[in-house]
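Undergrad:
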Amino acid sequence: MTDMNKLMSLNGAIAAFRFTDQGELEEHLIASGSDINEDALDLLAHVCQANLSIATMQARGWEKVSGQGGFYPIEGFTVIGLEWSAVAQGNYGVVLKNEGADYQTAFNLLGGGVHRDQAPAGI
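My numbering numbers the first residue of the sequence shown as 12 and each following residue consecutively.
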């Protein structure tokens, strides 16, 4: 299980959140003084779920059409914004200020990351 307090300890973290398979915001933490609020996180949770679903559909379709493997299952993704970005994997996400953000560490804390012994050929 993802520890939202660990996510909030990341450099530049302004929020951490958990959402349902339907995109409903279930739990969240927001850094004091942040300009993000619960309504924005609710919308972001829906965006994350929608993007995970679309990326899954695209990855599965590409594998079937091209015969290439290694695209499915989708591990997670990052939504890049002007001032902050969201890293999501599974049903969790973290919002980071872009300046000084460590996206790889965020993704690893969320449980993602390609492990060399599990990487598809060519990675």
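The beta carbon of each residue, even a glycine, is placed where N, CA and C say it ideally should be.
1. Name the one or two DSSP bridge partners that Gln100 has.
2. Quick one: residues in its chain with C-beta nearer than 7 Å to the C-beta of Ser95, no 5 flanking neighbours on either side, listed in chain order?
3. Ile65 lies in the alpha helix (DSSP H); which residues open and close that run?
4. Buried or exposed: which applies to Met15, given that a residue is buried once 16 or more other Cβ atoms fall within 10 Å of its Cβ?
5. With burial defined as no fewer than 16 other Cβ atoms inside 10 Å of the residue's Cβ, what is the status of Leu93: buried or exposed?
TA: A quick look at the data gives this:
1. Numbered from its first residue, the sequence shown carries residue 100 at position 89. Gln100 is bridged by DSSP to Tyr103.
2. For the purposes of this step, residue 95 is taken as residue 84 along the sequence shown, with counting starting at 1. It is worth fixing the name first, because residue 95 is Trp in this sequence and not Ser. For Trp95, where only same-chain residues beyond five positions count, the Cβ hits under 7 Å are Ile25, Val106, Leu107, Lys108 and Asn109.
3. The residue given as residue 65 occupies position 54 in the sequence shown. Where Ile65 is concerned, the enclosing alpha helix (DSSP H) stretches over Glu49 to Ser77.
4. What you label residue 15 is simply residue 4 of the sequence shown in a count that begins at 1. It is buried - the Cβ of Met15 has at least 16 other Cβ atoms within 10 Å.
5. Your numbering for residue 93 matches position 82 in the sequence shown. The residue is exposed, with fewer than 16 neighbouring Cβ atoms inside 10 Å.
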